[in-house]
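Below is one structure, written out as C-alpha cells, with a few remarks after it.
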Amino acid sequence: MRRYWNRPLGSKLIILGAIAFLVSMLGPWTRVCVATATVAARKCGWTTGYEGSDFGIYAALFAVAILVFELLPVLWPRLSMRGWPTAVITAILGVGLALCTLVKLIEDNEFQTRWAWVGFAIALFVMLVALLRVRHRW
C-alpha cells in the first residue's frame with residue numbers, strides 16, 4: 336500500500352477517477368419504456384452504462400486500461416513509469432475514455448439520468464487530469 340502513496344498526485348487522481356467511472360457505470364444511465372398491447376400499460380426499466388450502445392463497453396475497457404497502466408508500478412515496483420511518455424499514454428487513454436463516453440451519451444440519447452451525466456463528468460475529469468499531467472509533469 337505504501338507504493339500507492341508514493342505515486343504522483345496526478346496518478347492517484349486518475350486511478351480514483353477511473354474506479355469512480357467504473358462504479359458509476361453500474362448505476363441506471365437510461366430509462367427505457369416499452370409500450371404493451373393495452374393502451375395504459377407501459378413497462379419501464381433501467382439500463383446501466385454497460386448496456387445499450389457498445390461504446391459503454393469500450394469506455395469501460397479504456398477505464399480498465401488506465402487502471403492497469405497506472406497501477407503497474409504499484410504492483411511491479413522495479414517498473415519506474417514516470418516522465419513524459421507515461422503521461423502521454425495515460426492522456427491518450429483518457430481522451431479515448433471521454434470520447435467513448437460522449438458517443439455513448441449521443442447514441443443512447445433517450446431518457447438519460449443523472450448517472451449518465453455524472454459518468455461523463457468523471458470521464459472528463461480523468462481526461463483533464465491526464466492532460467494536465469502531460470503539460471506540467473504532475
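Add 335 to a position in the sequence shown, counting from 1, and you land on the number used in my numbering. Built from N, CA and C at the ideal position, the CB exists for glycine as well. Predicted model only: the values in this text are computed from it and were never measured.
Short of 7 Å in beta carbon distance, which residues of its chain neighbour Leu440, apart from the five on each side in sequence? Order them along the chain. Gln447, Ala451 and Phe455
Please say whether Ile457 and Ala355 have beta carbons closer to each other than 8 Å? yes
Reference Val469; option with closest CA among Val438, Gly384, Val430 and Trp364: Val430
Cβ-Cβ distance between Gly345 and Val464 below 8 Å: yes
Tell me, please, whether the CB atom of Phe460 is closer than 8 Å to any CB atom in chain E? The question asks about chain E, but that chain is absent: this structure has only one protein chain.
What are the boundary residues of the beta strand (DSSP E) that Arg342 is part of? Premise fails: Arg342 is in no beta strand (DSSP E) and is neither H nor E.
Kindly give me the distance between the Cβ atoms of Glu442 and Thr365, rounded to whole angstroms, as I take these residues to be in contact under 8 Å. The pair is not a contact, with the Cβ atoms about 10 Å apart (cut-off 8 Å).
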